[in-house]
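Below is one structure; the comments refer to it alone.
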């Protein structure tokens, strides 16, 4: 599971001028109930603590999914983290997909399924991507005469209408 740390205080302590709290690593928990049990214990001096997630260190993917804010942790955070971990993709690939296509409150399983269908790989340029794409699918003869020159920049410009790239990750438009 990705490393997620949250600084947990309470609104009551904050309003009283105290920043007392503790950095909690969410990777140490398997579900939200276990997490809340521990932070209730941390703030057991309050009868009904209203938790304040004053700071958090999370990946850009988790930020883009809006799973944590000052007064909120998604009820689905552990299921989402597990789905990400179980997928065949680095968070960087999933994040690149969301940057390119946006996040519309889709279930993480649907996002992962779309990535599985659309992901074409990581390349340093559009030209490299298109050259490997065309060579890999057999659309180019193996032994082109030396007098034939392929303008990969122009070819890439034409083919990229069907693809998108984000952070050097390439996706077929669905």
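Numbering (UniProt numbering), first residue to last: 1 to 174.
Think of the CB as a built atom: it goes at the ideal place given N, C-alpha and C, for glycine as much as any other residue.
(message) Give me the residue from 88, 155, 118 and 91 with the minimum Cα distance to residue 101.
(response) Indexing the chain shown from 1 puts residue 101 at position 101. Among 88, 155, 118 and 91, the Cα nearest to that of residue 101 belongs to 118.
(request) Spatial neighbours of residue 173 within its chain, please: CB distance less than 7 Å, with the 5 preceding and 5 following residues excluded, ordered by chain position. (result) By one-based count along the chain shown, residue 173 stands at place 173. 162, 163 and 164, listed in sequence order.
(message) So within the segment 74–135, which uninterrupted beta strand (DSSP E) runs reach at least 3 residues, ignoring any that extend past its ends?
(response) Secondary structure in the segment 74–135: the beta strand (DSSP E) runs of 3 residues or longer, each lying completely within the stretch, are 119–122 in chain order.
(request) Would you kindly work out how many angstroms separate the C-alpha atoms of residue 44 and residue 22, rounded to a whole number? (result) As a working mapping, residue 44 is identified with position 44 in the chain shown. As a working mapping, residue 22 is identified with position 22 in the chain shown. Across the structure, residue 44 and residue 22 are spaced so that their CA atoms are roughly 13 Å apart.
(message) Quick check on this structure: which residue in 84, 50 and 27 has the alpha carbon closest to the alpha carbon of residue 12?
(response) Position 12 of the chain shown, counted from the start, is the residue given in the question as residue 12. The candidate whose alpha carbon is nearest that of residue 12 is 50.
(request) Return the first residue and the last residue of the alpha helix (DSSP H) that residue 35 is part of. (result) To locate residue 35, count along the chain shown from 1; it is residue 35. Bounds of the alpha helix (DSSP H) holding residue 35 are 32–42.
(request) Name the two residues that bound the continuous beta strand (DSSP E) containing residue 5. (result) Start at 1 with the first residue of the chain shown, and residue 5 comes out as number 5. 5–10 is the extent of the beta strand (DSSP E) around residue 5.
(request) Kindly give me the distance between the Cβ atoms of residue 65 and residue 103, rounded to whole angstroms, as I take these residues to be in contact under 8 Å. (result) Within the chain shown, numbered from 1, the residue matching residue 65 stands at position 65. Within the chain shown, numbered from 1, the residue matching residue 103 stands at position 103. Right, the Cβ-Cβ distance comes to about 7 Å (below 8 Å), so this counts as a contact.
(request) With residue 24 as the anchor, note down where its beta strand (DSSP E) starts and where it stops. (result) The count along the chain shown starts at 1 and reaches residue 24 at position 24. Segment 22–25, the beta strand (DSSP E) holding residue 24.
(message) Considering only the alpha carbon of each residue, which of 141, 19 and 36 lies closest to residue 48?
(response) Taking the first residue of the chain shown as position 1, residue 48 is located at position 48. In this structure, 36 is the residue among 141, 19 and 36 with its C-alpha nearest to the C-alpha of residue 48.
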